[in-house]
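First residue of the sequence shown: 0, per numbering that gives the first Met the number 0; consecutive thereafter.
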Amino acid sequence: MSLGLSLLCLFCVGLVITATARPAGPQDRRRELDRRRRLLQRHPDYVNLHDVERLLLDSGLPVRTAERVLRRARARQVCARTMWRWASVHGTELLVVAMDAGLAEDAMLDHLDAGTCPRWDSLRIFASLSTDDLPAGMPRAELVDLDSIPTLDELTFPIGLTDWATERTTDRQTGRVPDDLSGFGDWPHVAF
(Lines of atoms letter the chains of each structure in order from A; the text may use other names.)
(Lines give C-alpha, C1' and ligand atoms only; values in the text may rest on other atoms or scores of the structure.)
Protein backbone atom coordinates (compact mmCIF):
# COMPACT_ATOMS: atom_id res chain seq x y z
CA MET A 0 0.00 0.00 0.00
CA SER A 1 2.79 2.44 0.79
CA LEU A 2 4.43 1.52 -2.51
CA GLY A 3 1.23 2.36 -4.40
CA LEU A 4 0.86 5.64 -2.50
CA SER A 5 4.50 6.52 -3.24
CA LEU A 6 4.04 5.78 -6.95
CA LEU A 7 0.86 7.87 -7.03
CA CYS A 8 2.64 10.82 -5.37
CA LEU A 9 5.58 10.45 -7.75
CA PHE A 10 3.20 10.42 -10.72
CA CYS A 11 1.45 13.60 -9.47
CA VAL A 12 4.77 15.38 -8.91
CA GLY A 13 5.90 14.38 -12.41
CA LEU A 14 2.64 15.64 -13.88
CA VAL A 15 2.99 19.01 -12.11
CA ILE A 16 6.61 19.39 -13.28
CA THR A 17 5.69 18.49 -16.85
CA ALA A 18 2.75 20.91 -16.92
CA THR A 19 4.80 23.85 -15.62
CA ALA A 20 7.86 23.13 -17.75
CA ARG A 21 6.11 23.46 -21.10
CA PRO A 22 7.76 25.77 -23.64
CA ALA A 23 6.64 29.37 -23.65
CA GLY A 24 4.13 30.21 -26.33
CA PRO A 25 3.64 33.54 -28.05
CA GLN A 26 1.16 34.64 -25.41
CA ASP A 27 3.65 33.94 -22.63
CA ARG A 28 6.41 35.80 -24.49
CA ARG A 29 4.16 38.82 -25.05
CA ARG A 30 3.20 38.83 -21.37
CA GLU A 31 6.88 38.64 -20.40
CA LEU A 32 7.78 41.54 -22.74
CA ASP A 33 4.95 43.65 -21.34
CA ARG A 34 6.07 42.87 -17.81
CA ARG A 35 9.66 43.81 -18.71
CA ARG A 36 8.53 47.09 -20.30
CA ARG A 37 6.50 48.04 -17.19
CA LEU A 38 9.51 47.26 -15.02
CA LEU A 39 11.75 49.44 -17.19
CA GLN A 40 9.30 52.34 -17.06
CA ARG A 41 9.44 52.24 -13.27
CA HIS A 42 13.18 51.49 -13.03
CA PRO A 43 15.10 52.74 -16.09
CA ASP A 44 18.39 51.76 -14.44
CA TYR A 45 17.72 48.14 -15.48
CA VAL A 46 17.70 48.95 -19.21
CA ASN A 47 20.23 47.20 -21.44
CA LEU A 48 20.97 47.43 -25.16
CA HIS A 49 18.68 44.47 -25.91
CA ASP A 50 15.77 46.42 -24.43
CA VAL A 51 16.62 49.44 -26.60
CA GLU A 52 16.87 47.18 -29.66
CA ARG A 53 13.47 45.64 -28.86
CA LEU A 54 12.00 49.13 -28.42
CA LEU A 55 13.35 50.24 -31.81
CA LEU A 56 12.07 47.13 -33.57
CA ASP A 57 8.67 47.25 -31.85
CA SER A 58 8.22 50.84 -33.03
CA GLY A 59 8.42 49.68 -36.65
CA LEU A 60 11.99 50.65 -37.53
CA PRO A 61 13.83 48.38 -39.98
CA VAL A 62 16.35 45.92 -38.56
CA ARG A 63 19.17 47.63 -40.45
CA THR A 64 18.35 50.99 -38.84
CA ALA A 65 18.18 49.49 -35.35
CA GLU A 66 21.55 47.80 -35.86
CA ARG A 67 23.07 51.07 -37.10
CA VAL A 68 21.78 52.98 -34.07
CA LEU A 69 23.14 50.40 -31.65
CA ARG A 70 26.48 50.22 -33.48
CA ARG A 71 26.88 54.00 -33.26
CA ALA A 72 25.82 53.99 -29.61
CA ARG A 73 28.49 51.41 -28.79
CA ALA A 74 31.11 53.38 -30.74
CA ARG A 75 30.26 56.63 -28.91
CA GLN A 76 29.72 54.86 -25.58
CA VAL A 77 26.17 56.12 -25.17
CA CYS A 78 24.58 54.08 -22.41
CA ALA A 79 21.31 52.24 -22.88
CA ARG A 80 19.63 54.19 -20.07
CA THR A 81 20.18 57.51 -21.87
CA MET A 82 18.85 56.10 -25.13
CA TRP A 83 15.80 54.66 -23.35
CA ARG A 84 15.05 57.99 -21.66
CA TRP A 85 15.51 59.85 -24.95
CA ALA A 86 13.15 57.48 -26.77
CA SER A 87 10.54 57.70 -24.03
CA VAL A 88 10.57 61.53 -24.13
CA HIS A 89 11.14 62.27 -27.84
CA GLY A 90 10.28 58.98 -29.57
CA THR A 91 12.31 56.37 -31.38
CA GLU A 92 12.47 58.24 -34.70
CA LEU A 93 14.16 61.20 -33.02
CA LEU A 94 16.49 58.82 -31.19
CA VAL A 95 17.62 57.61 -34.61
CA VAL A 96 18.12 61.23 -35.73
CA ALA A 97 20.13 62.05 -32.60
CA MET A 98 22.37 58.99 -32.94
CA ASP A 99 22.90 59.53 -36.68
CA ALA A 100 23.73 63.20 -36.09
CA GLY A 101 26.37 62.26 -33.53
CA LEU A 102 24.75 64.00 -30.58
CA ALA A 103 26.94 63.35 -27.54
CA GLU A 104 25.55 61.63 -24.47
CA ASP A 105 26.31 64.70 -22.34
CA ALA A 106 24.22 66.88 -24.66
CA MET A 107 21.41 64.32 -24.61
CA LEU A 108 21.45 64.23 -20.81
CA ASP A 109 21.53 68.04 -20.61
CA HIS A 110 18.41 68.25 -22.79
CA LEU A 111 16.66 65.47 -20.87
CA ASP A 112 17.42 66.99 -17.47
CA ALA A 113 16.43 70.51 -18.56
CA GLY A 114 13.32 69.34 -20.40
CA THR A 115 14.42 71.05 -23.62
CA CYS A 116 14.75 69.89 -27.21
CA PRO A 117 17.67 70.32 -29.55
CA ARG A 118 17.17 72.02 -32.90
CA TRP A 119 15.73 69.16 -34.90
CA ASP A 120 16.28 70.78 -38.29
CA SER A 121 20.04 71.08 -37.77
CA LEU A 122 20.22 67.57 -36.28
CA ARG A 123 18.42 66.18 -39.33
CA ILE A 124 20.97 67.87 -41.60
CA PHE A 125 23.88 66.35 -39.66
CA ALA A 126 22.12 62.98 -39.63
CA SER A 127 21.65 63.03 -43.39
CA LEU A 128 25.33 63.89 -43.87
CA SER A 129 26.51 61.04 -41.66
CA THR A 130 24.77 58.21 -43.49
CA ASP A 131 26.81 55.70 -45.44
CA ASP A 132 24.92 56.39 -48.66
CA LEU A 133 24.50 59.74 -50.34
CA PRO A 134 20.98 60.89 -51.23
CA ALA A 135 21.32 59.53 -54.77
CA GLY A 136 22.22 56.11 -53.36
CA MET A 137 25.93 56.30 -54.22
CA PRO A 138 28.12 54.86 -51.46
CA ARG A 139 30.32 57.46 -49.80
CA ALA A 140 33.40 55.26 -50.28
CA GLU A 141 33.02 55.62 -54.06
CA LEU A 142 32.56 59.39 -53.98
CA VAL A 143 36.27 60.19 -53.75
CA ASP A 144 38.65 57.71 -55.26
CA LEU A 145 42.16 59.05 -54.66
CA ASP A 146 43.62 56.72 -57.28
CA SER A 147 41.51 58.31 -59.98
CA ILE A 148 42.94 61.84 -59.60
CA PRO A 149 44.75 62.75 -62.83
CA THR A 150 48.23 64.22 -62.87
CA LEU A 151 48.74 67.87 -63.75
CA ASP A 152 49.99 66.96 -67.24
CA GLU A 153 46.73 65.12 -67.97
CA LEU A 154 44.58 68.15 -67.14
CA THR A 155 43.52 70.42 -69.99
CA PHE A 156 42.64 74.07 -69.63
CA PRO A 157 40.71 76.30 -72.02
CA ILE A 158 42.84 78.45 -74.29
CA GLY A 159 43.35 81.98 -73.04
CA LEU A 160 42.75 81.16 -69.39
CA THR A 161 46.23 82.27 -68.34
CA ASP A 162 45.64 85.94 -69.19
CA TRP A 163 42.07 86.01 -67.87
CA ALA A 164 41.42 88.66 -65.18
CA THR A 165 38.65 90.81 -63.78
CA GLU A 166 38.66 94.54 -63.49
CA ARG A 167 38.63 96.03 -60.02
CA THR A 168 35.95 98.63 -59.66
CA THR A 169 35.80 101.34 -57.04
CA ASP A 170 32.84 102.58 -55.08
CA ARG A 171 31.77 105.99 -56.39
CA GLN A 172 31.05 107.53 -53.00
CA THR A 173 34.07 106.34 -51.00
CA GLY A 174 36.57 105.67 -53.76
CA ARG A 175 37.52 102.35 -52.19
CA VAL A 176 37.64 98.92 -53.75
CA PRO A 177 34.56 96.99 -52.50
CA ASP A 178 36.51 94.03 -51.10
CA ASP A 179 39.04 96.26 -49.36
CA LEU A 180 38.54 95.71 -45.63
CA SER A 181 41.05 98.29 -44.46
CA GLY A 182 38.21 100.65 -43.55
CA PHE A 183 37.39 98.51 -40.52
CA GLY A 184 40.59 99.47 -38.72
CA ASP A 185 41.77 97.17 -35.95
CA TRP A 186 38.58 95.19 -35.51
CA PRO A 187 39.13 91.53 -34.67
CA HIS A 188 39.24 89.20 -37.61
CA VAL A 189 36.24 87.04 -38.31
CA ALA A 190 37.06 83.35 -38.69
CA PHE A 191 35.00 81.38 -41.17
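Don't be surprised by glycine CBs; every beta carbon is placed ideally from N, CA and C.
query: Three-state class that DSSP yields for Arg118 in the structure shown; result: coil
query: Alpha helix (DSSP H) segment containing Thr81, residue limits; result: 79-89
query: C-alpha gap between Thr150 and Pro61, whole angstroms; result: 44 Å
query: Inter-residue spacing [alpha-carbon to alpha-carbon] between Gln26 and His42; result: 24 Å
query: Cut-off 7 Å between Cβ atoms - residues of its own chain near Glu52, not counting five sequence neighbours on either side; result: Ala65, Leu69
query: Cβ neighbour criterion (16 or more within 10 Å) applied to Cys11; result: exposed
query: Asp152: first and last residue of the uninterrupted alpha helix (DSSP H) it sits in; result: Run containing Asp152: none; DSSP gives neither H nor E here.
query: Range covered by the alpha helix (DSSP H) that runs through Arg107; result: Reading the sequence as shown, one finds Met at residue 107 and not Arg. Residues 104-113.
query: Endpoints, the alpha helix (DSSP H) within which Leu56 is located; result: 48-57
query: Ala86 and Leu94 closer than 7 Å at C-beta; result: yes
query: Where Thr155 falls, given that 16 or more other Cβ within 10 Å makes a residue buried; result: exposed
query: Cβ neighbour criterion (16 or more within 10 Å) applied to Thr81; result: buried
query: Distance between Thr115 and Ile124 (C-alpha atoms, nearest Å); result: 19 Å
query: Of the residues Leu6, Ala97, His89, the one placed nearest Ser127, counting alpha carbons only; result: Ala97
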